[in-house]
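Written below as C-alpha cells is the structure these notes are about.
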Amino acid sequence: MTATFGPSPYIYVCTRLRVRKKKLILREEYMRMLHMGLPEITRLIQETEYKREIDELSTSFSGINLLELALSWNLAKSYQNVLKILPAGLKEMTSSYLRRWDIQNVLTILRGKEQKLKPGRIKEVLIPAGELDRTFLDRLIAMDSNDEIVEALKGWRLFRTLESEYQKVPEVGSFAQMENVLYRQFYAEIIRDAESGIKGGKEFLDFIQLDIDIRNLQNLLRIRLQGERAEISDYMIPGGSFTVEELSGLNKIEERGEFYERLEKSLKNRAFIGFVERLKSSETKAEEERRLEESQVALTRIQLAQMERMSKMHPFSIWPILAYLELKKFEIYNLRAITRGKEANLPMERIRNYLVI
Amino acid sequence: MAMQDIKPTRSELINIKRKIKLSERGYNILKMKRDGLILEFFGVLDEAKNTRGELQKKYQLAKEMIALSNTIEGTISLKAAAFSVKETPEISVKPKNVMGVVVPEITSKKVRKQLLERGYGLLGTSPVLDETANAYESLVDSVVRSAEIETTMKKLLDEIESTKRRVNALEYRVIPELTEARDFIKMRLDEMEREELFRLKKIKARTAA
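If you read the protein sequences in the order shown, they are chains L and X. Here the working numbering is used: the first residue of the first sequence is 32, the next is one more, and so on. Here the working numbering is used: the first residue of the second sequence is 87, the next is one more, and so on.
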C-alpha cells in the first residue's frame, strides 16, 4: 500500500486495476452463455467471484432476483475496494465519478420514505457503489423522516444542491426536478475535478463531453418522441459539445425532417452520425422509439471503445481506473441482460444486441 | 292451470279475456325488448371483441417491455424508478341505462401521464423506462375500457336471458293456458246455454201437453 503514496501512485494503482480488468468475463464466455440455459448460466455465475454474495443473500432471496442482487452487491464491493487502494487525488476524482450511484441511492431512499415503504424494500434497491457506503445508507434508511435524512447528508459534496432542491419538493410535487438538478451538478463537479490538473484530466474532459452529449441527445429525442414541447433547458446538461441553447433551439423545430437535418448539421462529434442517421431513417414512431432504446447500447459501446483507447494511450493516468470501473459495471449489466433475457425468453440475437462487449 | 279450478262464469270469461289481452301485449313488448337487447348485444359484442383483442395486444407489449426493461435496466433500477410514482390512477363508476338495463360507465383519471409528469427525472433514467411506462399506462386504459364493455355485455346477456325466459313463458305457457281456459269457459257457457234452451223447450212442451 505504501507504493500508492510514493512518487508514482499511478503506476501502482493502474497496474493493479489492469490485472483486475484481465479477470473480467471475456467476449467468448458471453457468447457461450448465450447458448446456455438459465440453470447452467446461474451455476456458472455461482462458480465465479460472485459466489460469496450469492451465499450471503441466498437466505433472503431466491432465483433470478438473488442473482441480480448478488451481481449488484459485488459491483458495489468491487468499487469500494478500488476506492480503498486509490491515493488522495485519484480517490477524489474517482469518487466524483462514482457519485452518480450516491445520487441514485439518496433519491431512492427519499422516494421510498416518502412512499412510506418498509426499510427492507428500500434496502433491496440500493447499490452502494459510490462514496456513501452500505453502513451509512442503512443509517439513512433507519431514519424517521426525509428531513432527518437530508440533515444527515450534511457532509456530502452535493449537500448544498440537495438541501436547496429538497425545500422545493413540496411545491414541485415530486423529486424529478431534484434528480435532474443533482445530476447536472454532478457533471459540473466532475468537469471541475477534471480541470483541476489531474493526469489525464484533459482527455477525461473529452470523455465527459461525450457522455454529456450522449445523455443530452438521448433526452432531447426522448422528449420529442414523447410529444413534449416544454422548455428543455432544465433537462439538458451543460458542458457537452452542444450548448443548452442549441439543444433548446433544436427542440423548437416542429417538423421531423427539418429537425434531423439541423441536428446532423450541428453534430460536432462524428461518433453520432450513424446514430442520428438510423433514427432519421425510421419509418414509424414505434421504430424510432425502438431504435432509440437500442442506441443506448450502441452509444455505450462507442464510449467504452474510446475509454479503452485512452487507457492504452495513457497507461498511467485516470483512464485505466475509469476503464476498469466501466468494464466491471458492464460485466454486471451483461450478466443481468443474459439472465433476464433468458428468463423472458427473448431471442438470442436480441439479447446479444443489448450486450456491451 | 287446472280446468277444475276454473269457474265457468261470464265474469271469469271477461277476466280471462282481459288477462289474455294483457299477456299478449306484454308478450309483444317483451319480444321487442328481447330483439332490441340482442341488437344492442351484438353491437357491444363487436366492441368487446375489439377491446379484448386490443387488451391482449397491449398486455403482450407491456410484458415485452417489462422484460426488456429488466434486461437493459435491471429490476433494481426499475423498482427504484417505480418509487417515484406518487399519483395512483382513479377509477369512477357511474350507472348508465341501456334499454332498462343498468350498466356501468367507467371513467379513469390520472392513468396516462406525460413524460415530465411521471415523477422520475430524465437525467437518471433511460428511454426504455418511458416506453415501459407508456405500455403499462396504455394497458391500464385498456383494462378499464374492457371492464366497462365486458360488464355491459354480461349484464345485457343476463337481461336477454331473463327476457327470453319471460317471452317463452308467456308464449308457451301463460297465453296457451289462458286461451285454453277461455275456450273451456266458452264451451261450458255454450253448453249451459244449450241445456237451458233444452230445459225451456221441455217445460214448454210439457205445459203445452
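We put the beta carbon where it would ideally sit given N, CA and C, even for glycine.
- If you draw a straight line from the Cα of Glu155/L to the Cα of Gly372/L, it is about 21 Å long.
- Within the segment 88 to 114 of chain L, those residues whose Cβ lies closer than 8 Å to any Cβ of chain X are, in chain order, Asn96, Glu99, Leu100 and Ser103.
- Within the same chain, and ignoring the five residues on either side of Tyr291/L in sequence, the residues whose Cβ sits closer than 8 Å to its Cβ are Val307, Leu310 and Lys311.
- Where Lys182/X is concerned, the enclosing beta strand (DSSP E) starts and stops at Glu176 to Val184.
- Lys196/X and Tyr206/X have their C-alpha atoms some 16 Å from each other.
- With a threshold of 8 Å between beta carbons, Ala134/X makes no contact with chain L.
- In terms of Cβ geometry, Ile369/L and Tyr61/L form a close pair [threshold 8 Å].
- Taking a contact to require three or more Cβ pairs closer than 8 Å, the segment 231 to 245 of chain X and the segment 126 to 133 of chain X qualify as touching.
- Taking Ile92/X as reference, the option from Leu164/X, Glu282/X, Phe169/X and Phe270/X with the minimal CA-CA separation is Phe270/X.
- Nearest CB-CB separation between Ser170/X and chain L: below the 8 Å threshold.
- In this chain, the beta strand (DSSP E) harbouring Ser194/X covers Val187 to Lys195.
- Membership of Asp276/X in the alpha helix (DSSP H) is indicated by the continuous run Ile261 to Ala294.
- At a cut-off of 8 Å, the C-beta of Ser212/X has a neighbouring C-beta in chain L.
- The alpha-carbon of Asn250/L is positioned some 26 Å away from that of Pro159/L.
- Leaving aside the five residues that flank Lys180/X on each side, the residues in its chain whose CB is nearer than 6 Å to its CB run, in chain order, Glu191.
- Taking the C-beta atoms as reference points, Leu102/L is found nearer than 8 Å to Ile363/L.
- When CB distances to chain L are screened at a threshold of 7 Å, the residues of the segment 198 to 230 of chain X falling below it are Gln200, Leu201, Leu202, Gly205, Tyr206, Gly207, Leu208, Leu209, Gly210, Ser212, Pro213, Val214, Asp216 and Glu217, in chain order.
- For Thr218/X against Ile152/X, the beta-carbon gap comes to about 6 Å, under 8 Å, which counts as contact.
- His66/L is the residue among Leu248/L, His66/L, Ile239/L and Val50/L whose C-alpha sits nearest the C-alpha of Ile382/L.
- At the C-beta level, Val229/X and Leu141/X come within 8 Å of one another.
- Against chain L, the CB of Ala148/X has no partner CB under 8 Å away; the residue lies outside that interface.
- Distance between Leu252/L and Leu323/L, taken at the CA atoms: about 8 Å.
- Taking every protein chain shown into account, the CB of Leu163/L has 16 or more other CB atoms within 10 angstroms, so this residue is buried.
- Taking 4 residues as the minimum length, the alpha helix (DSSP H) runs contained wholly in the segment 182 to 266 of chain L are 190 to 203, 207 to 225 and 232 to 256, in order along the chain.
- Leu330/L counts as buried, since no fewer than 16 other beta carbons sit within 10 angstroms of its beta carbon.
- In the three-state reduction of the DSSP assignment, Asn376/L falls in the coil class, being assigned neither a helical nor a strand state.
- With respect to chain L, the C-beta atom of Ile162/X has a partner C-beta closer than 8 Å.
- Linking Phe303/L to Thr157/X through their CA atoms gives a straight-line distance of about 24 Å.
- Secondary structure at Gly122/X: helix, using DSSP grouped into helix, strand and coil.
- In this structure, DSSP gives Phe290/L a helical state, which the three-state scheme calls helix.
- In terms of Cα proximity to Ala183/L, the closest of Leu168/L, Glu196/L and Ser195/L is Leu168/L.
- Per DSSP, the unbroken alpha helix (DSSP H) holding Asp133/L starts and ends at Ala119 to Glu145.
- For Ala255/X, the enclosing alpha helix (DSSP H) stretches over residues Pro213 to Ala255.
- Rounded to whole angstroms, Lys172/X and Gln77/L show a C-alpha spacing of 38 Å.
- In chain order, Thr139, Arg152, Glu155 and Val156 make up the part of chain L whose C-beta sits under 9 Å from the C-beta of Lys165/X.
- Using beta-carbon distances, Thr174/X does not count as an interface residue toward chain L, since no partner is under 8 Å.
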